[in-house]
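Peer 1: This is the structure, below, for whatever I ask next.
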Amino acid sequence: MKIRKLLSVLLATLMLLTMIPSGSMFVSAAAINLSTFNSKLAEFKKSVYPEGSTYQDNPSAYGGYECFGFANQIAKYMFGSYPTKSGSAIDTINTNWKVTYGGTAVDSLVIGDIVRFNYGGYDHSIFVTSISGDNIYYCQANVPAYTNKVTYSNKMARSTLKSYVKKTLINNIVEKT
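Residue numbers for the sequence shown follow the working numbering, beginning at 449 and rising by one.
Right, dumping it as structure tokens:
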């Protein structure tokens with residue numbers, strides 16, 4: 449009797465697995481499919497902050513200023529929440545997000561992650577929009593510094609990002625769980 453029940457469960461599981469379309473690709477940091485991610489990103493770029501626009505700081509709504517506030521705002525738009533309430537990205541972590549520290553975390557980056565690192569003498573935050581081979585594509589605000597300019601077509605080699613992330617212990621990658 450137990451073997452029959454086990455076979456029944458295995459058969460049901462197998463049937464469910466075959467019903468999932470093979471073309472579905474899920475963004476693991478976001479728990480939304482890639483098509484939804486790309487659609488929401490396109491809408492954000494079109495209606496919230498177009499390329500070259502100026503990010504308006506709203507720390508009470510998005511927990512930070514400049515690049516960090518922008519990364520939190522786009523995360524909230526995409527996933528309904530953002531990771532922290534501090535520009536340092538180390539206090540009051542939202543339990544829907546996981547924080548990974550250090551350069552080795554760059555190897556496990558996924559679309560939708562927020563990365564905070566030391567760049568040219570100051571801390572900077574980016575939101576990962578795509579990954580292709582060794583290239584990480586991202587959006588950001590506040591480059592050049594103190595302009596709050598929003599850009600989307602940014603690309604960085606994984607090795608370059610890894611060198612930035614390794615610079616200080618507070619740097620981290622924050623991903624949606």
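Ideal Cβ positions, reconstructed from N, Cα and C, are used throughout, including at glycine. Every value quoted in this text rests on a predicted model; they were computed, and no experiment measured them.
Locate the beta strand (DSSP E) running through Ala589, then write down its first and last residues.
Peer 2: Counting along the chain, the beta strand (DSSP E) containing Ala589 begins and ends at 583-589.
Peer 1: Residues in its own chain within less than 7 Å of Tyr612 by CB, not counting five upstream and five downstream?
Peer 2: Phe565, Asn566, Tyr567.
Peer 1: If you check the beta carbons only, do Lys597 and Ala589 fall under 8 Å apart?
Peer 2: Cβ atoms of Lys597 and Ala589: closer than 8 Å.
Peer 1: Looking at the secondary structure, which residues open and close the beta strand (DSSP E) in which Lys603 lies?
Peer 2: Its beta strand (DSSP E) spans residues 598-605.
Peer 1: Smallest Cα separation from Asp582: which of Leu557, Phe516, Lys493, Val496?
Peer 2: Ranking the options by Cα distance to Asp582, first place goes to Leu557.
Peer 1: Select from Asn506, Tyr570, Asp555, Tyr503 the residue whose C-alpha is nearest the C-alpha of Ser580.
Peer 2: Ranking the options by Cα distance to Ser580, first place goes to Asp555.
Peer 1: How should Gln521 be labelled, buried or exposed, when 16 other C-beta atoms within 10 angstroms of its C-beta is the threshold for buried?
Peer 2: Label assigned to Gln521: buried.
Peer 1: Quick check on the burial criterion: 16 or more other C-beta atoms within 10 angstroms. Buried or exposed for Pro531?
Peer 2: It counts as buried.
Peer 1: Starting from Phe575, trace the beta strand (DSSP E) both ways and give me its first and last residue.
Peer 2: Phe575 -> beta strand (DSSP E) spans 570-580.
Peer 1: Return the bridge partner residues of Thr502 from the DSSP annotation.
Peer 2: Note: Thr502 sits in a beta bridge opposite Lys597.
Peer 1: Ignore the nearest five residues each way along the sequence and tell me which others in Lys524's own chain have a CB closer than 6 Å to its CB.
Peer 2: The answer, listed in chain order, is Tyr530.
Peer 1: Quick one: what's got a C-beta closer than 6 Å to Thr466's C-beta in the same chain, skipping five residues either side?
Peer 2: Residue placement at Thr466 is flagged as unreliable, the pLDDT there being 30, under the threshold of 50; the coordinate-derived value follows with that caveat. Nothing listed; no residue qualifies.
Peer 1: State buried or exposed for Gly512, treating a residue as buried only when at least 16 other CB atoms are found within 10 Å of its CB.
Peer 2: Buried, since its Cβ has 16 or more Cβ neighbours within 10 Å.
Peer 1: Which residues in the same chain as Ser578 place their Cβ atom closer than 7 Å to its Cβ, once the five residues preceding and following it in sequence are excluded?
Peer 2: The answer, listed in chain order, is Ile559, Tyr585.
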